Amino acid sequence: MSFVLGLTGGIASGKSAVSQYFKEKNIPVIDADEIAKEVVKPRTPGLAKIVAHFGSSILTDERALDRKKLGNIIFNDEDKRQQLNDIIHGEIEQRIDKLLNELKSSNHSLIVIDVPLLFEANYESKCDEIMTVFVSQPTQLERLMLRDSLSVKDALARVNSQMSIIDKALNSDVIIDNEGTIENTKLQVERWLEIFKATSK
């Protein structure tokens with residue numbers, strides 16, 4: 001019987017570092033961000049649907065998706081962001097379910113689903129427990145501005161486009177505090193893994 005851990009967090013919270021740590025431990029991770037990129041590659045039905053809705057101006061010269069142009073549209077318009085989610089949500093969920101069933105049939109004791117919008121997409125029912133990687137909003141903004149070279153206004157628009165990280169934490173079973181060093185974050189994940197191994201025997 002496989003145990004499914006849902007991993008989430010706010011933008012620039014450090015969720016990817018925790019996801020990477022699980023991978024280093026040889027624990028299978030289904031990465032929703034990677035799947036989201038795959039379903040909008042050139043010549044995919046997902047990209048065709050996005051172009052049909054938003055127009056060809058969101059494409060690069062090579063006919064690939066220009067994420068920056070699309071981001072500028074959706075992060076400043078709640079309705080358009082919801083429209084994009086409606087277009088690609090089904091494609092992403094189908095792929096996640098397929099991978100999850102494959103991993104479950106391979107008898108992995110622990111499977112991680114890494115989903116930034118886990119609560120927003122109503123994926124709670126797929127998980128046995130939910131882990132949120134948490135940082136304060138000032139830290140989140142600072143890291144996002146540094147990572148993506150954004151202004152305060154643009155960083156805030158991206159943070160506010162998601163469910164509040166505090167609300168995510170309140171709805172989670174496990175909270176990983178990522179305000180400190182990466183070593184401290186890994187220690188918290190290691191502690192959770194030790195408890196999981198001890199209780200799943």
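In this note's numbering, the protein residues as written are 1 to 201.
Built from N, CA and C at the ideal position, the CB exists for glycine as well.
As the structure is a prediction and not an experimental result, all values here were calculated from the model.
query: Length at least 3, wholly inside the segment 86–160: the beta strand (DSSP E) runs in chain order; result: 110–114, 129–134
query: Cβ pair Gly-9, Val-133 closer than 8 angstroms; result: yes
query: Limits of the beta strand (DSSP E) - the one that Asp-177 falls within; result: 174–177
query: Other residues of its chain near Lys-153: CB distance less than 8 angstroms, five sequence neighbours each side excluded; result: none
query: Contact set for Met-260: own chain, Cβ-Cβ below 6 angstroms, skip 5 residues either direction; result: Absent from the structure is residue 260, since the part of the chain shown begins at 1 and ends at 201.
query: Every unbroken alpha helix (DSSP H) within the segment 12–76, with a cutoff of 4 residues, ordered by chain; result: 15–24, 32–38, 45–54, 67–74
query: For Phe-196 and Ser-164, the rounded distance between their alpha carbons; result: 27 angstroms
query: Which residues DSSP lists as bridging Gly-180, in chain order; result: Answer by DSSP bridge pairing: none, since Gly-180 is not bridged.
query: Residues sharing a beta bridge with Val-189, DSSP; result: Val-189 is not bridged to any residue.
query: Contact between the segment 122–142 and the segment 171–178 (3+ Cβ pairs under 8 angstroms); result: yes
query: Straight-line Cα distance separating Phe-75 from Asn-160; result: 9 angstroms
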